[in-house]
Amino acid sequence: MPEYLSPGVYVEEVDTGSKPIEGVSTSTVGMVGVTGKGRTDGLPQLVTSFADFERKFGGYLGTDIEEDKRFFAYAAEAFFQNGGQRLYIKRVIADDAVASQAQSKTEVSTRLTRDTPVVETGNIDDRKKVTLLSLRGIDTGTKLTFVRLNDNGTESSDINSDIAITSYDPVRNTVNLTTALTHKFEKKNTWVKLDKIPTAPNNPSDDSIKFLAANKGEWGDSIAIEIYPASRAKSQIIEVIGTVLTSKKFKLKSAANFYEGAIIVYDDGNSKQYRLIDDIENDTITLDSAFDDNSAVADTLTPATKTVSTCEFRVVASYEDQTESFEFLTTNPNISHYYYKKIHNKSSLIDVEDMYSSSSYTETDPFDQPCGDDGQNLAFTAGDDGSLPDSNDYIGIDGGPGNKTGIKALEDIDAVSIIAAPGITDEDVQNELILQCESLKDRFAILDGPRDSSDLEDIKAFRSRYDTKYAALYFPWLLRNDPLDDVNIYVPPAGYLAGIYARSDVERGVHKAPANEVVKGIKDLKYSLNKREHDILNPYPVNINVIRDFRSSNRGIRVWGARCITSDSDWKYVNVRRLFIFIEESIEKGTQWVVFEPNDEPLWARVRRSVTNFLTRVWRDGALQGSTPEEAFFVKCDRTTMTQDDIDTGKLIMQIGIAPVKPAEFVIFRIGQWTGGSEVTE
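Here the sequence shown is numbered in our numbering, starting from 1 and rising by one per residue.
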């Protein structure tokens, strides 16, 4: 209760009105299936277009995949073709699948950044000067070996070995050689090796970084990685702070972009030294140890030759038309630029192993930072899709929230209201779809009928496996073009129907039966059923929804059924079941504010108003029968719906009755002769 302790005017806000109930979405779909790539861990991922699906999960699968396992991409495409907008995908993959991988090198090497002059005509002094991608590790006297790479990645016999450097220009990244090159080398295929052997890195298990494809499968073999030396910051030393010979403190012209934990290189224009930054204050840096000759650093501090710069590396990962770049990475696990922190769980293409120990990191050797096989490039290999998933893979494992696989993973996405496993007609898998719908009561399953049987008794036997008001079965399969080899193939209808459900919900509402709707993006049906055959499959209690060919009457191919596969005649229509799901979930979510409110008449009245207002909107949208709201529904919440014992035990009980509209499944016109004033006779 508010307190009134002194005289005055008190203005208070009082919440007495009803709270509006918003209708939940009914057109979000969740599907599971085999894809070429994509995450297998974590929550299902949302895609909002087929192009988005291709980026995250790959495109069409090759024809060498077993047919009933390669239909998922077609189903996703069909969903969007037929009006779907939001699709959650859970990739299914067998346990024996393997992610592609690549191992970096720690050799001291680099690349040319411009071609050398033509040997036959080039000036000999020009052939003594080359421009390199990086001068990391290069001092006066360093010897270089130039290796020409063949198109297949092997080394050519045309090499120049052990050519010493007489001087270098750290601004232009050029080096002057003792002798002229005897071959022409091009930047696109030349690998320059240094005669230095890197020290062992601060790494307990390996001397390089292991890169992995972001998820399992052969797709990762097409990933390419380029690794470049990089430098985030560079500045001139303008003062040695303290005792010159032993000082570890140096004032820079600017310490912008330098950071604690950075490996820095000191370059005097003739040689290099490497240290680790322990501390930064204003423009002064403190290193882990003094330079070998601080007096030389202090003498004639010429900015052009007395510089320090940070040593990082850059990783660029590419796959088809996707490219990801990770800048200024280091091998120091104690700072935010650590390569593992920057790449792990942040890339859709690659992952890395955590190779360095954060407790004892003291590394100051930049050559422990990774490079490619030829100074720049890494190729991924050994990816394997494994065996084809079985029914257990589709059903999945409940590893807890966010760690489920297969169909079980769809449980964690509350927004999903329609689920399917396109092309999978295994009884255990379809039962898992049904079980999830019946358990959560907030979603509906679309099932594919048999693929290869046209015998009506076989089809009825297939349908007899199930009895549920939370699923519908569709038959037959559909013919479409396969763009991989430009041939026609038969595909399951589930993806098309999911899109039609979503389209009908958006255009008309969930109360409209998703039937008498054109199926877009197909050429024909695997089996074209006539009316007499349909007369066998449609009636209760068979309730199989048939897709019919009406092209002879210029009406295309249409969904010609809207029944649940249930023996309960009260719930035989898809739209009635889904309307109740919509209303129940909307009321459940829209009345959460009621919990722990004082359970008495004022609360009951507010809840009644909220629910009544919501159902009135539903009635006005045409989802309920009756010419008035009173004919369409009733809402009770008072002493007649709950006893004092209910109230004492914390229960608020409301009774709601609604009269859903039913589809006009059989349209009958009774026509007879009429002769003015006489009776009509048939």
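No residue lacks a Cβ here, since even glycine has one placed at the ideal position from N, Cα and C.
How many angstroms separate the CA atom of Thr243 from the CA atom of Lys210? As a first step, residue 243 is located in the sequence shown; it is residue number 243 there, counting from the start. As a first step, residue 210 is located in the sequence shown; it is residue number 210 there, counting from the start. Cα-Cα distance, rounded: 43 Å.
Is any beta-carbon of chain D found at less than 7 Å from that of Leu276? Checking the listed chains, one finds no chain D in this structure; it contains a single protein chain.
Would you say Asp646 and Ile656 are within 7 Å of each other, going by their C-beta atoms? The sequence position of residue 646 within the sequence shown is 646, counting from 1. The sequence position of residue 656 within the sequence shown is 656, counting from 1. Result no, Cβ atoms of Asp646 and Ile656 do not sit closer than 7 Å.
Once DSSP output is grouped into helix, strand and coil, what is the label at Gln81? Position 81 of the sequence shown, counting from 1, holds the residue named residue 81. If DSSP states are grouped into helix, strand and coil, Gln81 belongs with the helices.
Identity of the residues DSSP links to Thr323 by a beta bridge: Position 323 of the sequence shown holds residue 323. Residue pairing by DSSP puts Thr323 in a beta bridge opposite Ser318.
Which class does Asn481 belong to by DSSP, given the choice of helix, strand or coil? Translated into the one-based positions of the sequence shown, residue 481 becomes position 481. Here Asn481 sits in strand by DSSP.
Out of Arg172, Asn270, Ile264 and Asp268, which has the shortest C-alpha to C-alpha gap to Asp278? Residue mapping note: residue 278 aligns to position 278 of the sequence shown, counting from 1. Minimum Cα distance to Asp278 is reached at Ile264.
For the beta strand (DSSP E) containing Trp619, name the first residue and the last one. Position 619 of the sequence shown, counted from the first residue, corresponds to residue 619. Counting along the chain, Trp619 falls outside any beta strand (DSSP E), though it belongs to the alpha helix (DSSP H) covering Glu601 to Arg620.
Same chain only: Cβ atoms within 8 Å of Ile163, ignoring 5 sequence neighbours per side: To locate residue 163, count along the sequence shown from 1; it is residue 163. For Ile163, where only same-chain residues beyond five positions count, the Cβ hits under 8 Å are Lys143, Leu144, Thr145, Phe146, Leu177, Thr178, Thr179 and Leu181.
Once you ignore the five residues that flank Pro541 on each side, which residues in its own chain have a CB closer than 7 Å to its CB? On the sequence shown, position 541 is the one that residue 541 refers to. Excluding residues within five positions, the ones whose Cβ falls inside 7 Å are Ser567.
Quick one: what's got a C-beta closer than 6 Å to Asn150's C-beta in the same chain, skipping five residues either side? By one-based count along the sequence shown, residue 150 stands at place 150. Excluding positions up to five away in sequence, the list reads Ser156.
Only counting the same chain, and skipping five residues up and downstream in sequence, which positions put a Cβ closer than 7 Å to that of Asn215? Within the sequence shown, numbered from 1, the residue matching residue 215 stands at position 215. Around Asn215: Lys37, Gly38, Arg39, Thr40 and Ala99.
Sort out for me which residues DSSP pairs Val192 with in a bridge. The residue given as residue 192 occupies position 192 in the sequence shown. Answer is Thr110 and Phe146, bridged to Val192.
Can the beta-carbon of Ala51 be found less than 7 Å from the beta-carbon of Gly386? As a first step, residue 51 must be located in the sequence shown, where it is residue number 51. As a first step, residue 386 must be located in the sequence shown, where it is residue number 386. No, these two residues do not count as a Cβ contact at 7 Å.
Taking 6 Å as the cut-off, is the C-beta of Asp452 nearer than that to any heavy atom in the ligand MN? You won't find the ligand MN in this model; it holds no ligand whatsoever.
Let's see if you can read the secondary structure: which residues bound the alpha helix (DSSP H) around Arg451? Numbered from 1 along the sequence shown, position 451 holds the residue referred to as residue 451. Under the DSSP assignment, Arg451 falls outside any alpha helix (DSSP H); it carries neither an H nor an E label.
Would you mind sorting Asp455 into buried or exposed? The rule is 16 or more other CB atoms within 10 Å of its CB. Taking the sequence shown and counting its residues from 1, the one referred to as residue 455 is at position 455. Answer is exposed; the Cβ neighbour count stays below 16.
Determine the contact status of Leu478 and Ile544, defining contact as a CB-CB distance below 7 Å. Residue mapping note: residue 478 aligns to position 478 of the sequence shown, counting from 1. Residue mapping note: residue 544 aligns to position 544 of the sequence shown, counting from 1. No, these two residues do not count as a Cβ contact at 7 Å.
Can you name the start and end residues of the alpha helix (DSSP H) that Lys404 belongs to? Sequence index remark: in the sequence shown, residue 404 carries index 404 (1-based). Looking at the DSSP string, Lys404 is not in any alpha helix (DSSP H), and its letter there is neither H nor E.
Taking 7 Å as the threshold (C-beta atoms), are Arg609 and Ser27 in contact? Here the question's residue 27 lines up with position 27 in the sequence shown. Here the question's residue 609 lines up with position 609 in the sequence shown. No, the Cβ-Cβ distance between Ser27 and Arg609 is not below 7 Å.
Distance between beta carbons of Thr286 and Lys249, contact taken as under 8 Å: The sequence position of residue 249 within the sequence shown is 249, counting from 1. The sequence position of residue 286 within the sequence shown is 286, counting from 1. Confirmed, about 5 Å.
Please classify Trp674 as buried or exposed, where buried requires at least 16 neighbouring CB atoms within 10 angstroms. Within the sequence shown, numbered from 1, the residue matching residue 674 stands at position 674. Exposed, because fewer than 16 other Cβ atoms sit within 10 Å of the Cβ of Trp674.
Quick one, which of Asp158, Phe634, Ile418 and Asn599 has its alpha-carbon nearest Pro514's? Residue numbering aside, residue 514 sits at position 514 when the sequence shown is read from its first letter. Nearest of Asp158, Phe634, Ile418 and Asn599 to Pro514, Cα basis: Ile418.
When we look at the beta-carbon of Ile397 and count the other beta-carbons within 10 Å, is it buried (16 or more) or exposed? Within the sequence shown, numbered from 1, the residue matching residue 397 stands at position 397. By the neighbour-count rule (16 or more Cβ atoms within 10 Å), Ile397 is not buried but exposed.
Consult DSSP for Tyr361 and reduce its assignment to one of helix, strand or coil. Here residue 361 corresponds to residue number 361 of the sequence shown, with the count starting at 1. Looking at Tyr361 - three-state DSSP - the assignment turns out to be coil, as it is neither helix nor strand.
Per DSSP, Asp351 forms a beta bridge with which residues? Residue numbering aside, residue 351 sits at position 351 when the sequence shown is read from its first letter. BP columns for Asp351 point to Leu212.
Express the C-alpha separation of Asp414 and Arg578 in angstroms, rounding to a whole number. As a working mapping, residue 578 is identified with position 578 in the sequence shown. As a working mapping, residue 414 is identified with position 414 in the sequence shown. Those two C-alpha atoms are separated by around 15 Å.
Contained beta strand (DSSP E) runs [length at least 3] in the segment 10–76, N- to C-terminal order: 29–33 and 45–47
Per-residue DSSP class, three states only, for Arg463: Numbered from 1 along the sequence shown, position 463 holds the residue referred to as residue 463. Arg463 falls in the helix class under three-state DSSP.
Measuring CB to CB, does Tyr466 end up less than 7 Å from Ile565? What you label residue 466 is simply residue 466 of the sequence shown in a count that begins at 1. What you label residue 565 is simply residue 565 of the sequence shown in a count that begins at 1. Contact flag set, yes.
Can you have a look at Leu624 and say buried or exposed, based on whether 16 or more other CB atoms are within 10 angstroms of its CB? Mapped onto the sequence shown, residue 624 falls at position 624. By the neighbour-count rule (16 or more Cβ atoms within 10 Å), Leu624 is buried.
Going by beta carbon distance, what residues of the same chain come within less than 6 Å of Tyr60, once the five residues before and after it are set aside? Looking up residue 60 in the sequence shown gives position 60. Excluding sequence neighbours, Tyr60 sits near Ala73 and Leu484.
Would you kindly work out how many angstroms separate the C-alpha atoms of Ala664 and Glu411, rounded to a whole number? By one-based count along the sequence shown, residue 664 stands at place 664. By one-based count along the sequence shown, residue 411 stands at place 411. Ala664 and Glu411: Cα-Cα distance of roughly 34 Å.
Three-state secondary structure (DSSP) of Tyr684: The structure shown does not extend to residue 684, since the chain is modelled only from 1 to 682, so the question has no answer here.
Ignoring anything shorter than 3 residues or poking outside the segment 378–438, list the beta strand (DSSP E) runs there in chain order. Entirely contained in the segment 378–438, the beta strand (DSSP E) runs reaching 3 residues are, in chain order, 418–420.
Rounded to the nearest angstrom, what separates Ser586 and Gly375 at their Cα positions? Position 586 of the sequence shown, counted from the start, is the residue given in the question as residue 586. Position 375 of the sequence shown, counted from the start, is the residue given in the question as residue 375. So the two alpha carbons sit approximately 59 Å from each other.
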